[in-house]
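K.L.:
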Amino acid sequence: MPLRYEDLNNEVRRISLSGRLDTVGSEEIADELASLSASANRGVVVDLSQVTFLSSMGIRALIAAAKARQANGGRMVLLVDGSDVVVRTLEATGVGELIPVYDDEGDAESAARA
Amino acid sequence: MTGSVRQARAELTIRADSREARRASAWLESAAAREGVPPDQVVRLDHCLDEALANVISHGGPDAVSASVMLQLGIHRGRGICTAELLIVDEGLPFDPSVLPAGPAPRPASLADASIGGLGLAMIRSFSDELRYRRQDGCNHLAILVSWTETT
């Protein structure tokens, strides 16, 4: 499943993306990602640690979801596996400066709850 | 359309359609592996390919979308430096991504300011070592080059 989610408590929704978020893959999950992010109770962690490829379309989807979350008064943060190409994509596009990025699950959840 | 990659080793023609982009990626991975391109270099080319095809599909205009896109992969090895060249030829509106200013793209100051434009080009520029563009016979010819050192 390219997108799964669970509500960890009343405060944090963790949305896990996986596989290839190329142009096609990103289009397939964009609407659901935005909708789940907007409807979360408070904070959202988007877990990218199982994502093998992140395109600019994937980043657009993340930005749209973060804006939707922010519009409803909460925060969205990203959780990554620190060593891989997803991090490079985030750095190349400067998205890490707009949406907080963490490589530790606990830190990500605390930040989302803040 | 004719390509001109020096020492072209593989070629593929696809429709300008986002589902074809996956077929193109699979072609690139297998052709590059056959030529001994290291996996981390294939990843760079794969990202550039996805972004370049997305640009053709969304910005190339009706001529791009109704026509085919030709891909060629060439490898050059010499003096310990290897270069893989991915050539993308499309019939869309003229667009030269190699003329953007060098260096990092301007960063939006906040999420509210962030727009969706320009990210794909920022990625192509970040993941490639060189871009070469020419317009010929009504087609865009974009060559994306990545290089690495290889001990023989």
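Those sequence lines, one after another, are chains F and G.
Letter by letter, the first sequence follows residues 1 to 114 of our numbering.
Letter by letter, the second sequence follows residues 1001 to 1152 of our numbering.
By construction, the Cβ of each residue, glycine as well, lies at the ideal position given by its N, Cα and C atoms.
1) Check G:Thr1083 in the structure and name its three-state DSSP category.
2) Quick check on the DSSP output: the beta strand (DSSP E) that includes G:Thr1149 runs from which residue to which?
3) Is the beta carbon of G:His1141 less than 9 angstroms from the beta carbon of G:Phe1095?
4) Please classify F:Gln50 as buried or exposed, where buried requires at least 16 other C-beta atoms within 10 Å of its C-beta.
5) Are the beta-carbon atoms of F:Ala68 and F:Ala38 separated by less than 9 angstroms?
6) Check this for me: beta carbons of F:Ala66 and G:Leu1111, under 9 angstroms apart or not?
7) To the nearest angstrom, how far is it from the Cα of F:Val45 to the Cα of G:Arg1135?
8) Exposed or buried, what is F:Gly25 when buried is set at 16 or more other beta-carbons lying within 10 Å of its beta-carbon?
9) In the DSSP assignment, find the unbroken alpha helix (DSSP H) run with G:Trp1056 in it and report its ends.
10) What are the start and end residues of the alpha helix (DSSP H) that includes F:Ile99?
11) Can you list, in chain order, the residues of the region 19-32 of chain F whose Cβ is nearer than 9 angstroms to any Cβ on chain G?
12) Could you list which residues in chain G have their beta carbon closer than 7 angstroms to that of F:Gln50, in chain order?
13) Of the choices F:Leu98, F:Pro2, F:Arg42, whose alpha-carbon is the least far from that of F:Ala64?
14) Within 10 angstroms of its Cβ, does F:Ala108 collect 16 or more other Cβ (buried), or is it exposed?
15) Tell me whether G:Gly1036 sits in a helix, a strand or coil according to DSSP, three-state version.
16) Given that G:Glu1051 touches chain F, what residues does it touch there, using C-beta distances under 7 angstroms?
17) So G:Phe1127 is in the alpha helix (DSSP H); what residue range does that whole segment cover?
18) Anything in the region 1014-1030 of chain G with a Cβ closer than 9 angstroms to a Cβ of chain F? List those residues in chain order, please.
19) Assuming contact is defined by CB atoms lying nearer than 9 angstroms, are F:Glu11 and F:Arg113 in contact in what I supplied?
P.N.:
Per the coordinate set shown:
1) In the displayed model, G:Thr1083 falls within a strand according to three-state DSSP.
2) Residues 1139-1149.
3) no
4) exposed
5) yes
6) yes
7) 45 angstroms
8) buried
9) Residue 1056 of chain G is actually Val in this sequence, not Trp. 1039-1059 is the extent of the alpha helix (DSSP H) around G:Val1056.
10) It is not in any alpha helix (DSSP H) - F:Ile99 carries neither H nor E in the DSSP assignment.
11) Arg20, Asp22, Thr23, Val24, Gly25, Glu27
12) Within 7 angstroms Cβ-Cβ: nothing; F:Gln50 doesn't reach chain G, min ~16 angstroms.
13) F:Leu98
14) buried
15) Reduced to three states, the DSSP call for G:Gly1036 is coil.
16) Ser55, Ser56
17) G:Phe1127 -> alpha helix (DSSP H) spans 1119-1127.
18) Ser1018, Arg1019, Ala1021, Arg1022, Ser1025
19) Yes; because the gap between Cβ atoms is below 9 angstroms, this pair is in contact.
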